[in-house]
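**Student:**
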Amino acid sequence: MLVLKFGGTSVGKPERMKKIANLVTETPGQKVVVLSALSGTTNALVTIGDFLLKGDLASAEKEIATLENHYQLFISELYASDNFKAIGQETVSRFFIFMRLLAAGQFDDKSNRELLAQGELISTELFYQHLQERKINARLLPALYFMSIDENEEPELEKISQRLKPLLRSLQHIDLIITQGYICRNHRNEIDNLKRGGSDYTASLIGAAIGAEEIQIWTDIDGMHNNDPRVVKKTFPISELTFDEASELAYFGAKILHPSTIVPAQKYSVPVRLKNTMDERAPGTIISDKETASVFKAVAAKDGITAIKIKSSRMLMAYGFLRKVFEIFEQFKTPIDMISTSEVAVSLTIDNNANLDKIIEELTVFGSVEIDKNQSIICVVGHHIGQQKGVLDKIFNCLKDIPIRMVSVGGSYNNISILVDSRHKEKTLIELNQGVFNLD
Ligand code: ADP
Ligand code: ASP
Ligand code: MG
């Protein structure tokens, strides 16, 4: 069984949706097809939700009307027959009536999450109807029947597997099973989501839950590139990555994958293949446990980082100090990304400032606390990169004009992390592209 996920740009135009229908029907065997919302939809829903949370109904309605027009146009090109155009019309109307009902009521965080789910619900329904029009045998399996997260917002992989396996067994005679990415139920049984870009994570969770042969992530680029193509002009696709390498890149900002995508796939050793919907013949990237020996594979950058430095003479020759510091972050459910220590100070980074004030208040008990916001982690990934001769020399040589706030080497075999002020991110990525990958 294969799991194939198509992202927003891959379903964002009627002709692309039609192309995907061809692609999945040409792929042999039973497969689960995970779809994102049409490109731009989730952004629009976020904007609408923000207006509604602020009580600005008029601005929300303007956005809703623009989005509705977009969908009217979309269905007029997606369906061939008048009959299916009318079905599409019905579907779109139903969704937009529901959105306006949500908008009209008491609009809270719960309604907002319900609103955000509409993008994937509508894209899968429109796609399913397109398959029906073409008489392609398929079933729509609602993700809200099986995808769930617990009270810590962690996916419940065991439960997902227990729900999904019998469902798929009962659909053994159907080759094509369509479901929504991104959306799930939470521990209160409310509609929730796996955070922005979460359809990749859905695909990986399904792949792990059913022990799929392969998880394919179809997007608008020919695989994981050696650098961020949005920032750097010349980049190239990497043909093979290990789970660990891909995991570091996804977590540290390579937008092509949701940060947690690799975790379930790696746990159940299901290979992940990244493919390009716009160029099916491009080989893409295969992510598995097979190692390949290139020292420098890729760099990625993660923004929105805050560095915290705690200076304390109580740290000198003391044990148990770091435990006490870490416990504070644990108490406020705030993960730490990078850490570096000296005998009298410890610097660490977080990517979630929701509880920063409370964390600072607690840390002040230990000594002085300094905060630097708007930092970026630049992560350099490669095979046993931390152990290779000359690697640090090469990296720091090309970054000699950039002030570096923190460095982390040796934390894992395949990653060297560098913290810089976000103002220097672009230059850092460009310099590394030139100095490490010899590209201008
Ligand atoms: P989808 O809508 O299919 O989920 P995304 O926009 O989430 O697609 O991810 C694909 C985009 O990720 C690419 O268009 C590219 O601009 C961006 N990207 C950032 N870093 C990388 C990288 N290292 N390799 C490939 N793409 C990357
Ligand atoms: N539609 C969601 C988003 O835009 C999920 C996804 O595309 O992966 O974040
Ligand atoms: Mg994405």
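Taking the numbering used here as reference, the numbering of the sequence shown is continuous, increasing by one, and the terminal residue is 443. Even for Gly, the Cβ is constructed at its ideal location relative to N, Cα and C. From a predicted model like this one, the values you see are computed outputs, not experimental measurements.
Less than 7 Å separating the beta-carbons of Ile-1 and Gln-132?
**Tutor:** In the structure as shown, the chain begins at 4 and stops at 443. Residue 1 is therefore absent and cannot be evaluated.
**Student:** Opposite Asn-140 in the DSSP bridges: which residues?
**Tutor:** If you number the sequence shown from 1, residue 140 lands on position 137. Its beta-bridge partners do not exist; DSSP assigns none.
**Student:** Assuming contact is defined by CB atoms lying nearer than 7 Å, are Ala-348 and Lys-312 in contact in what I supplied?
**Tutor:** For the purposes of this step, residue 348 is taken as residue 345 along the sequence shown, with counting starting at 1. For the purposes of this step, residue 312 is taken as residue 309 along the sequence shown, with counting starting at 1. Cβ atoms of Ala-348 and Lys-312: closer than 7 Å.
**Student:** Can you look up Phe-246 in the DSSP assignment and give me helix, strand or coil?
**Tutor:** On the sequence shown, position 243 is the one that residue 246 refers to. Residue state for Phe-246 is assigned as helix, using DSSP reduced to three classes.
**Student:** Give a yes or no on contact between the stretch 133 to 141 and the stretch 241 to 252, applying the rule of three or more CB pairs nearer than 8 Å.
**Tutor:** no
**Student:** If you measure from the CB of Met-1, is any heavy atom of ligand 1 nearer than 6 Å?
**Tutor:** One cannot answer for residue 1 here, as it falls past the ends of the chain, which runs 4 to 443.
**Student:** Quick one, what's near ligand 3 if you take every residue whose CB is closer than 6 Å to any heavy atom, in chain order?
**Tutor:** Gly-10, Gly-200 and Asp-203
**Student:** Going by CA-CA distance only, name the one from Gln-109, Ser-345 and Lys-16 that's closest to Leu-55.
**Tutor:** If you number the sequence shown from 1, residue 55 lands on position 52. If we check each option's Cα against that of Leu-55, Gln-109 comes out closest.
**Student:** For Glu-128, which option in Pro-145, Asn-115 and Leu-119 has the closest C-alpha, if you only look at C-alpha atoms?
**Tutor:** For the purposes of this step, residue 128 is taken as the residue at position 125 of the sequence shown. Closest option to Glu-128, Cα to Cα, is Pro-145.
**Student:** I need the boundaries of the alpha helix (DSSP H) containing Asp-360, first residue and last residue.
**Tutor:** Position 357 of the sequence shown, counting from 1, holds the residue named residue 360. Where Asp-360 is concerned, the enclosing alpha helix (DSSP H) stretches over 359 to 366.
**Student:** Roughly how far, in whole angstroms, is the beta-carbon of Phe-149 from the beta-carbon of Leu-167, given that I think they are within contact range, below 8 Å?
**Tutor:** Taking the sequence shown and counting its residues from 1, one reaches residue 149 at position 146. Taking the sequence shown and counting its residues from 1, one reaches residue 167 at position 164. With 8 Å as the limit, Phe-149 and Leu-167 qualify as a contact, their Cβ atoms being about 5 Å apart.
**Student:** Classify Tyr-322 as buried or exposed, calling it buried when 16 or more other Cβ atoms lie within 10 Å of its own Cβ.
**Tutor:** Numbered from 1 along the sequence shown, position 319 holds the residue referred to as residue 322. Looking at its Cβ environment, which holds fewer than 16 other Cβ atoms inside 10 Å, Tyr-322 is exposed.
**Student:** Nearest to Arg-116 by CA position, among Val-234, Asp-360 and Leu-147, is which residue?
**Tutor:** Position 113 of the sequence shown, counting from 1, holds the residue named residue 116. Checked all of Val-234, Asp-360 and Leu-147; the closest Cα to Arg-116 is Leu-147.
**Student:** For Gly-385 and Asp-195, I'd like the C-alpha separation in whole angstroms.
**Tutor:** Taking the sequence shown and counting its residues from 1, the one referred to as residue 385 is at position 382. Taking the sequence shown and counting its residues from 1, the one referred to as residue 195 is at position 192. Answer to the nearest angstrom: the Cα atoms are 36 Å apart.
**Student:** Whose C-alpha, out of Leu-366, Gly-438, Val-372 and Ser-379, is nearest the C-alpha of Leu-395?
**Tutor:** Working through the sequence shown from its first residue, we reach residue 395 at position 392. The shortest C-alpha separation from Leu-395 is found at Gly-438.
**Student:** Could you compute how far the alpha carbon of Leu-252 sits from the alpha carbon of Ile-289?
**Tutor:** Your numbering for residue 252 matches position 249 in the sequence shown. Your numbering for residue 289 matches position 286 in the sequence shown. The straight-line gap from Cα to Cα measures roughly 14 Å.
**Student:** Give the single residue among Phe-9, Leu-5 and Gly-15 whose Cα lies nearest to the Cα of Pro-31.
**Tutor:** The sequence position of residue 31 within the sequence shown is 28, counting from 1. Per the Cα distances, Leu-5.
**Student:** Sorry if obvious, but does the Cβ on Ala-268 come closer than 6 Å to a heavy atom of ligand 2?
**Tutor:** Residue mapping note: residue 268 aligns to position 265 of the sequence shown, counting from 1. Outside the cutoff, so no.
**Student:** Ends of the alpha helix (DSSP H) at Gln-437?
**Tutor:** In the sequence shown, the residue the question calls residue 437 occupies position 434. It spans 428 to 438 - the alpha helix (DSSP H) in which Gln-437 sits, taken as one unbroken run.
**Student:** Could you give the C-beta distance for Ile-209 and Val-37, rounded to a whole number, given that I count them as a contact under 8 Å?
**Tutor:** Translated into the one-based positions of the sequence shown, residue 209 becomes position 206. Translated into the one-based positions of the sequence shown, residue 37 becomes position 34. That pair is a contact at about 7 Å.
**Student:** Counting Cβ pairs, one atom from each stretch, are 3 or more of them under 8 Å apart for the stretch 421 to 432 and the stretch 299 to 312?
**Tutor:** Counting Cβ pairs under 8 Å, three or more are found: they touch.
**Student:** Are there 16 or more other CB atoms within 10 angstroms of the CB of Val-368, so buried, or fewer, so exposed?
**Tutor:** The count along the sequence shown starts at 1 and reaches residue 368 at position 365. Val-368 should be labelled exposed.
**Student:** With distances taken between CB atoms, is the gap from Ala-268 to Ile-218 smaller than 7 Å?
**Tutor:** On the sequence shown, position 265 is the one that residue 268 refers to. On the sequence shown, position 215 is the one that residue 218 refers to. Taking 7 Å as the Cβ cut-off, Ala-268 and Ile-218 qualify as a contacting pair.
**Student:** Can you say whether His-387 is buried or exposed, counting buried as having 16 or more other CB atoms within 10 angstroms of its CB?
**Tutor:** For the purposes of this step, residue 387 is identified with residue 384 of the sequence shown, where counting begins at 1. Exposed: under 16 other Cβ atoms inside 10 Å.
**Student:** Once the 5 residues before and after Ile-405 are set aside, which same chain residues still bring their CB inside 8 Å of it?
**Tutor:** Along the sequence shown, read from residue 1 onward, the residue named residue 405 stands at position 402. Val-423, His-427, Lys-430, Thr-431 and Glu-434.
**Student:** Could you say which of Ser-126, Asn-230, Asn-86 and Ala-211 lies nearest to Pro-158 if we only look at CA atoms?
**Tutor:** Counting from 1 along the sequence shown, the entry for residue 158 is found at position 155. Answer by Cα proximity: Ala-211.
**Student:** Is there contact between the stretch 4 to 18 and the stretch 85 to 99, where contact requires at least three CB pairs shorter than 8 Å?
**Tutor:** no
**Student:** List the DSSP bridge partners of Pro-240.
**Tutor:** By one-based count along the sequence shown, residue 240 stands at place 237. Beta-bridge pairing links Pro-240 to His-228.
**Student:** In chain order, which alpha helix (DSSP H) runs of at least 4 residues are fully inside the stretch 232 to 318?
**Tutor:** 246 to 254 and 265 to 270
**Student:** Which residues in the same chain as Leu-366 place their Cβ atom closer than 8 Å to its Cβ, once the five residues preceding and following it in sequence are excluded?
**Tutor:** Here residue 366 refers to the residue found at position 363 of the sequence shown. The answer, listed in chain order, is Ile-311, Ile-313, Val-328, Ile-331 and Val-372.
**Student:** Are Glu-123 and Gln-183 touching if we call contact CB-CB under 7 Å?
**Tutor:** The count along the sequence shown starts at 1 and reaches residue 123 at position 120. The count along the sequence shown starts at 1 and reaches residue 183 at position 180. The answer is yes: Cβ separation under 7 Å.
**Student:** Could you give the uninterrupted runs of the beta strand (DSSP E) lying entirely in the stretch 21 to 78, keeping only those of 3 residues or more?
**Tutor:** Taken in chain order, the unbroken stretches of beta strand (DSSP E) that lie wholly in the stretch 21 to 78 and span 3 residues or more are 34 to 38.
**Student:** Using DSSP with H/G/I as helix, E/B as strand and the rest coil, what is Glu-330?
**Tutor:** Residue mapping note: residue 330 aligns to position 327 of the sequence shown, counting from 1. Note: Glu-330 maps to helix in three-state DSSP.
**Student:** Does DSSP put Asn-86 in a helix, a strand or coil?
**Tutor:** Start at 1 with the first residue of the sequence shown, and residue 86 comes out as number 83. In the structure shown, Asn-86 sits in a helix (DSSP, three-state: H, G or I).
**Student:** Could you check whether Phe-87 and Glu-136 sit closer than 7 Å to each other, using their CB atoms as the reference points?
**Tutor:** Sequence index remark: in the sequence shown, residue 136 carries index 133 (1-based). Sequence index remark: in the sequence shown, residue 87 carries index 84 (1-based). Yes. Within cutoff.
**Student:** So for Leu-422, helix, strand or coil by DSSP?
**Tutor:** Walking along the sequence shown from the start, residue 422 turns up at place 419. Three-state result, Leu-422: strand.
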